[in-house]
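Enquirer: Quick one: this structure, given as structure tokens, is what I'll be asking you about.
Residue numbers (the numbering used here), protein chains in the order written: chain D, 1 to 342; chain S, 343 to 617.
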């Protein structure tokens with residue numbers, strides 16, 4: 001993979017060019033938090049730092065969308081231009097990888113997800129810091145992107161080191177070559193020093209918060225299936241579903257129909273397995289009638305189903321569910337309790 | 343495999359007849375506007391336009407190419423609206439989804455079919471399939487149970503199966519009445535020597551409410567049926583039909599795409615399969 005240098009100023013120039021063909025979104029920092037925001041020329045953005053408040057999934061799998069109109073096979077594409085999302089962090093790229101396994105599986109592909117994934121341009125970036133809820137290194141992953149991007153930016157002292165990860169990314173650089181310069185070894189050294197520093201700070205947080213390594217996660221759900229941990233942790237749960245909606249790997253959805261005059265629309269909205277009737281059948285039987293069973297189910301899906309079926313844990317270590325939970329249920333604490341309980 | 347490029351789109355379908363089976367159960371005869379073929383065991387999603395959809399396993403003969411029947415018990419919101427449908431109404435169908443009964447692998451064998459209550463609906467389509475090719479199997483035995491005699495689906499039809507003599511039929515009810523001449527007791531009470539089956543080599547297909555499947559499975563294993571020869575239909579909250587929406591997960595499977603028909607050996611180590 002060839003690396004280039006792009007100055008701060010030229011990145012803004014590149015963004016202006018990209019905005020002609022794409023709806024560009026960038027992370028914007030407000031009160032120490034970063035939000036995915038439509039790009040406005042002349043206003044600031046934060047490419048490096050750390051993940052945004054929202055996960056990336058809404059771009060490919062919107063919170064609420066129409067998936068069928070009457071009996072017609074195709075739907076009008078309401079989007080004027082495809083999306084380009086800049087400043088995407090490694091944890092969110094991993095989240096996309098997990099969602100790809102669900103929505104782009106070989107047996108059945110979701111056409112809406114597939115199209116959105118294929119047409120979206122992803123410009124990722126290294127994390128240049130960690131926040132308390134970060135724990136991506138627990139899964140042996142790094143706080144800088146290694147795959148799944150079209151272009152990756154590593155913020156450095158004088159600009160960015162830019163790497164291509166796809167043909168689409170390569171084309172962007174070729175068409176806008178005047179914004180890019182050749183990189184040199186000094187920049188690569190600067191980058192690897194920074195990457196190591198950030199990785200060390202995530203590892204330090206993991207140590208400080210005493211989170212076990214994922215090598216200890218094998219079988220923790222089955223071993224603790226009837227443990228009191230679930231009832232204990234679920235006591236505080238208010239069943240809001242925030243952990244699901246904020247999670248970059250949660251993919252469950254609800255289909256529901258609405259009729260307006262002669263038009264019938266089928267909507268798909270995010271659903272939450274913490275909600276009482278998620279698995280209930282029409283006859284009234286509910287395999288997860290108690291809240292603690294639903295909390296257990298969330299962990300079972302991520303730490304038992306996904307490794308069994310896809311050989312991966314469906315957790316990115318982004319820590320969003322920790323920040324989002326009004327009851328302060330902490331996934332790190334639950335994992336620790338599961339590992340330690342014999 | 344799903345044919346439409348949009349898996350969430352229903353195929354426009356006309357209700358061509360409505361048959362009242364019991365006070366709570368109706369059968370709807372449907373004519374899809376596009377070719378629509380299913381195999382016994384697979385399920386479809388039935389759409390009431392603007393209201394929603396619900397999963398059903400068809401109860402008609404899979405060999406019938408342009409018609410399909412579903413038998414629906416009124417238990418919730420969508421089924422309530424389905425029960426209001428009349429001849430000529432337009433509805434939607436998606437699917438078929440999931441696994442079929444692997445009937446080709448039953449060739450030359452003795453096959454026991456055990457039904458409970460509403461489970462008669464999918465089993466009727468399987469029995470039609472057997473009638474289509476009866477000579478290929480050594481023997482077909484049907485054992486069915488319901489709560490009371492008035493709860494039986496397809497009562498006349500079952501009598502005709504009995505009279506034909508091609509399949510060995512016995513029925514039971516939990517609570518009989520003055521006219522009931524057959525067995526009284528839960529369905530496991532007629533899973534006995536009267537079947538005259540070589541259990542270790544025979545196939546069993548069980549469909550009914552979870553509690554009935556649980557105890558039937560236990561009984562059949564006691565009789566010597568092999569776990570891998572015992573086929574169960576999982577009733578879960580199937581919605582998307584393609585393993586995406588997450589509602590019907592059973593262990594490492596989704597009932598909608600890896601099931602709804604599973605052999606017991608695949609399920610036995612999972613929790614909550616009977617709930």
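Virtual Cβ for every residue (Gly too), placed ideally from N, Cα, C.
With respect to 6 Å, is the separation between the Cβ of residue 17/D and the closest non-hydrogen atom of the ligand NAD below this value?
Expert: As far as ligands go, the structure on display features none, and thus does not contain the ligand NAD.
Enquirer: Measure the C-alpha to C-alpha separation of residue 559/S and residue 358/S and round it to an integer number of angstroms.
Expert: Cα-Cα distance, rounded: 38 Å.
Enquirer: What in chain D is Cβ-close to residue 584/S, meaning under 7 Å?
Expert: Result: 108.
Enquirer: Starting from the Cα of residue 94/D, find the closest Cα among 323/D, 314/D, 319/D, 327/D and give me that residue.
Expert: Measuring from the Cα of residue 94/D, the nearest candidate turns out to be 314/D.
Enquirer: Decide if the region 220-228 of chain D is in contact with the region 18-34 of chain D; the criterion is three or more beta carbon pairs, one per stretch, under 8 Å apart.
Expert: They do not touch, by the three-pair rule.
Enquirer: With residue 124/D and residue 149/D assumed to form a contact (beta carbons below 8 Å), what rounded beta-carbon distance in angstroms separates them?
Expert: About 4 Å separates the two Cβ atoms, so the contact holds.
Enquirer: Jot down the residue ranges of each uninterrupted alpha helix (DSSP H) in the region 63-132 of chain D, minimum 4 residues, whole runs only, in chain order.
Expert: The region 63-132 of chain D contains these whole alpha helix (DSSP H) runs: 90-103, 111-119.
Enquirer: Please report the distance separating the alpha-carbon of residue 36/D from that of residue 410/S.
Expert: Answer to the nearest angstrom: the Cα atoms are 49 Å apart.
Enquirer: Could you compute how far the alpha carbon of residue 318/D sits from the alpha carbon of residue 487/S?
Expert: Each residue's Cα considered, the two are about 53 Å apart.
Enquirer: What did DSSP end up calling residue 50/D once you bin it into helix, strand or coil?
Expert: Correct three-state label for residue 50/D: coil.
Enquirer: Residue 195/D to residue 299/D, Cα distance in whole Å?
Expert: Approximately 30 Å, taken between the alpha carbons.
Enquirer: When burial is assigned at 16 or more other CB atoms within 10 Å of the CB, is residue 129/D buried or exposed?
Expert: The residue is exposed, with fewer than 16 neighbouring Cβ atoms inside 10 Å.
Enquirer: Assuming contact is defined by CB atoms lying nearer than 7 Å, are residue 404/S and residue 370/S in contact in what I supplied?
Expert: No; because the gap between Cβ atoms is not below 7 Å, this pair is not in contact.
Enquirer: Report the option in 550/S, 474/S, 494/S, 360/S whose CA atom is closest to the CA atom of residue 508/S.
Expert: The shortest C-alpha separation from residue 508/S is found at 474/S.
Enquirer: Would residue 549/S pass as a contact of residue 575/S if the rule is Cβ separation under 7 Å?
Expert: Yes, the Cβ-Cβ distance between residue 549/S and residue 575/S is below 7 Å.
Enquirer: Cα separation between residue 176/D and residue 215/D?
Expert: Roughly 44 Å separates the two Cα atoms.
Enquirer: Report the rounded CA-to-CA distance for residue 267/D versus residue 151/D, giving the unit in angstroms.
Expert: For residue 267/D and residue 151/D, the distance between alpha carbons rounds to 33 Å.
Enquirer: Is there at least one Cβ from chain S nearer than 7 Å to residue 73/D's Cβ?
Expert: Taking Cβ atoms only, chain S reaches closer than 7 Å to residue 73/D, which makes this a yes.
Enquirer: Assuming residue 436/S and residue 387/S make a contact with CB atoms under 8 Å, what is their CB distance in whole Å?
Expert: That pair is a contact at about 4 Å.
Enquirer: Any idea if residue 233/D is buried or exposed, counting beta-carbon neighbours within 10 angstroms, 16 or more meaning buried?
Expert: Residue 233/D is buried by the Cβ-count criterion.
Enquirer: I think residue 515/S touches residue 479/S, with their Cβ atoms under 8 Å apart; what is that distance to the nearest whole Å?
Expert: Not quite, the Cβ-Cβ distance comes to about 28 Å (not below 8 Å), so this is no contact.
Enquirer: Near residue 344/S, what residues of its chain come up, given a Cβ to Cβ distance below 6 Å and the 5 sequence neighbours on each side ignored?
Expert: Bear in mind that the predicted position of residue 344/S carries a pLDDT of just 44, short of 50, making it too unreliable to give a figure here.
Enquirer: Determine whether the Cβ of residue 252/D lies closer than 7 Å to any Cβ atom of chain S.
Expert: Chain S contact via Cβ: present.
Enquirer: Please check the pair residue 190/D and residue 242/D, which I expect to be a contact at CB under 8 Å, by giving their CB distance rounded to whole angstroms.
Expert: So it is not a contact: roughly 39 Å between Cβ atoms.
Enquirer: Under 7 Å between the Cβ atoms of residue 240/D and residue 273/D?
Expert: Not a contact, by the Cβ cut-off of 7 Å.
Enquirer: Per DSSP, what are the beta-bridge partners of residue 37/D in this structure?
Expert: DSSP, once it has assigned bridges, lists 26/D as partnering residue 37/D.
Enquirer: Kindly list, in the order they appear in chain S, the residues whose Cβ is closer than 8 Å to that of residue 319/D.
Expert: None at all; the shortest Cβ gap to chain S is about 22 Å.
Enquirer: Using only alpha-carbon positions, find the residue among 417/S, 422/S, 398/S, 451/S that is nearest to residue 467/S.
Expert: It is 398/S.
Enquirer: In this structure, does DSSP put residue 426/S in helix, strand or coil?
Expert: Residue state, collapsed to three classes: coil.
Enquirer: Cα separation between residue 96/D and residue 600/S?
Expert: Straight-line Cα distance between these residues: approximately 24 Å.
Enquirer: Once DSSP output is grouped into helix, strand and coil, what is the label at residue 575/S?
Expert: Looking at residue 575/S - three-state DSSP - the assignment turns out to be strand.
Enquirer: Comparing the C-beta of residue 283/D with each C-beta of chain A, is any distance below 7 Å?
Expert: Although the question refers to chain A, the structure presented lacks it and instead comprises the protein chains D and S.
Enquirer: Against chain D, does residue 369/S count as a neighbour if the rule is that its beta carbon must be under 7 Å from one of theirs?
Expert: It does not; no Cβ of chain D falls within 7 Å.
Enquirer: Assuming contact is defined by CB atoms lying nearer than 7 Å, are residue 248/D and residue 137/D in contact in what I supplied?
Expert: No, the Cβ-Cβ distance between residue 248/D and residue 137/D is not below 7 Å.
Enquirer: Mind checking if residue 345/S is an interface residue toward chain D, Cβ cutoff 7 Å exclusive?
Expert: With a pLDDT of only 46 at residue 345/S, under 50, the local geometry of the prediction cannot be trusted, and the value read off the model is given with reservation. Output row for residue 345/S: interface = no.
Enquirer: By how many angstroms is the C-alpha of residue 167/D removed from the C-alpha of residue 556/S?
Expert: Roughly 55 Å separates the two Cα atoms.
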